[in-house]
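What follows is a set of notes on a single structure, which appears directly below.
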Amino acid sequence: MKPATQPSALLQTTWHEYFSRFLIGGVVTAVAGVIAHKYGPVLGGLFLAFPSIFPASATLIEKHEERREKRNKVSAQMQGRRAVEMDAFGAAMGALGLLTFAFLVWRLLPVFPVAGAHWFHGRVVLGFDSCLVSLGILKER
Amino acid sequence: MLGMHHALNSMLTDILLRVIVGGALVSIFAVLGDFLKPKSFAGLFGAAPSVALATLGLTISRQGSAFAAIEARSMIAGSIAFLIYALLVVLLLAYRKLPVLPVTLISLSVWVGAAFGLWVLCLR
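Residue numbers (my numbering), protein chains in the order written: chain A, 130 to 270; chain B, -8 to 115.
Encoded structure:
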C-alpha cells in the first residue's frame, strides 16, 4: 500500500485528545530538561528518546479504528488491535531513524557550530522571559 | 539572595519554554501520524525526535554544543531502548492478543530497564 493522506482522521480526534498529547509531550520535555540539569547530560540524554507520542497515539488509533469498524460490522476490537500493531511496527522502524539522528547529532554538533544558537537565545529564550515578566508570572531581574 | 532568585526565574522560564515547545512538537508529529496511512508508515512518526528537537535547541542555546552532544550520545542508548520497546509491543499485540493500553503502558518499564541498563553498561 502506497503512503497516502487521510484528512478525515484529523476530525476524529477531539480537542481533549489533542490537549492530552500536548501535555504529555510538554511534561516529558520538561522532565528531560530537569534531569539533565540535575544529574547531567549523560543521564538526561536518555530521555530524549522516551516514547512520548507512541503510547498516547496507540490508544487513540485503537479507539478510532474500533469506531470506524463498528459501522462496517467487522470485528472492531481485532481491527483496532491490528492497526496499533502496524503503528508499533512503524515506530520500531522509526526508532532506527531516531538512532541515526542521535548518532549524527553526537558526531556533527562539535564539528559544525550551530549558527542560529545565539539568535535563538537572544530572540526566543529572552523574548519569552520578558513575556513572562510582563504577564507577572516572573519578577523582573 | 539575588543570585538565587535569578536562578529560580531562569529555571522556571526554561521549564515553561520546554513544556510549550515540547508539547507543540510532539503534537505536530502526532497529527502527522494521524494524517497519514497506512499505519505502518504513519507509525514512523511515533518515533520522531520531537522531545530531542525541543530539548537540543534549548540546550544548545543555554549550555552550548558540547553539552548537547553528550545528551545526543546518550540518546543513542534511549533509541535502542525505544526499538526494543516497540518490537515488544508488536509481539505482545500480535501473538498474545493482549489489550492495547496496558501493553503500551506496562512495556514502558522495558524502555526504562533497557535505557538504564545501557547507561550502566556503556555510558556511566
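Using N, Cα and C, we set each Cβ at its ideal position, and we do this for glycine too.
Quiz item: Below 9 Å between beta carbons: does that hold for L79 (chain B) and P180 (chain A)?
Solution: Between L79 (chain B) and P180 (chain A), the C-beta gap is not smaller than 9 Å, which leaves the two residues out of contact.
Practice problem: Kindly indicate which three-state DSSP category T95 (chain B) falls into: helix, strand or coil? | Solution: T95 (chain B) falls in the helix class under three-state DSSP.
Exercise. Name the residue from A:G209, A:A133, A:Q208, A:G219 whose alpha carbon lies nearest to the alpha carbon of I75 (chain B).
Key: A:G219
Exercise. Throw me the rounded Cβ distance for the L114 (chain B) and S70 (chain B) pair, which I believe falls under 8 Å.
Key: 13 Å between Cβ atoms; not a contact.
Quiz item: Going by DSSP, what residues sit across from T134 (chain A) in a beta bridge?
Solution: B:L27
Exercise. May I have a chain-ordered list of the alpha helix (DSSP H) segments no shorter than 4 residues that lie completely inside the region 171 to 205 of chain A?
Key: 182 to 201
Exercise. Would you identify the three-state DSSP class for E238 (chain A), choosing helix, strand or coil?
Key: According to the sequence shown, residue 238 (chain A) is Leu rather than Glu. Assigned with DSSP and collapsed to three states, L238 (chain A) falls in coil, not helix or strand.
Practice problem: Check distances from the C-beta atoms of the region 71 to 87 of chain B to those of chain A and list, in chain order, the residues that come in under 8 Å. | Solution: I71, A72, F73, L74, Y76, A77, L78, V80, V81, L84, A85
Self-check item: Nonlocal neighbours in the same chain, by C-beta distance under 8 Å from N49 (chain B), ignoring five residues either side
Solution: Reading off the sequence shown, one finds Leu at residue 49 (chain B), where the question assumed Asn. Only D5, L8, R9, V12 meet the Cβ criterion.
Self-check item: Minimum Cβ-Cβ distance from S41 (chain B) to chain A less than 9 Å
Solution: yes
Practice problem: Closer than 7 Å by beta-carbon distance: list the chain B residues that pair up with E191 (chain A), in chain order. | Solution: V91
Practice problem: List the endpoints of the continuous alpha helix (DSSP H) containing W144 (chain A). | Solution: 144 to 168
Quiz item: Where does the unbroken alpha helix (DSSP H) through V80 (chain B) begin, and where does it stop?
Solution: Element bounds for V80 (chain B): 56 to 86.
Quiz prompt | DSSP-derived helix/strand/coil call for A39 (chain B) | solution = coil
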